[in-house]
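So that you can map any letter, position 55 of the sequence shown is 38 in this note's numbering, and since no number is skipped, the others follow by simple counting.
Notes for the one structure printed next.
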Amino acid sequence: MKVQNIEEEINQTKNHLAFLENRLKEIQKNCDHDFKRNHNFERCLKCNKAEALYY
Ligand SMILES: [Zn+2]
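Pasting the structure below:
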């Protein structure tokens, strides 16, 4: 595999990752959260968003 090909694939993967993260953020932003409490955090049953609990 050529270095250029590898670099190109790395960039494509980064772009894809950014795309996925944005989609996830968007879904979690628009979610009507249904949090279930765990030890020191709570996690939404619908979108899997986790939030730390502070005491
Ligand atoms: Zn949610």
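Don't be surprised by glycine CBs; every beta carbon is placed ideally from N, CA and C.
This one's a predicted model, so the numbers in the text were calculated from it and none came from an experiment.
Same chain only: Cβ atoms within 6 Å of residue i, ignoring 5 sequence neighbours per side
i, result
"N23", "L36"
Residue i versus residue j: straight-line alpha-carbon distance, rounded
i, j, result
"L28", "Q11", "11 Å"
"N31", "I(-11)", "33 Å"
"N(-2)", "E4", "10 Å"
"R(-5)", "V(-14)", "The sequence shown places Gln at residue -5, not Arg. So the alpha carbons of these two residues sit roughly 14 Å apart."
"N21", "I(-7)", "36 Å"
Contact set for residue i: own chain, Cβ-Cβ below 7 Å, skip 5 residues either direction
i, result
"K19", "E25, R26 and L28"
Own chain residues within Cβ distance below 8 Å of residue i, not counting five before or after
i, result
"H16", "C27, K29, C30 and K32"
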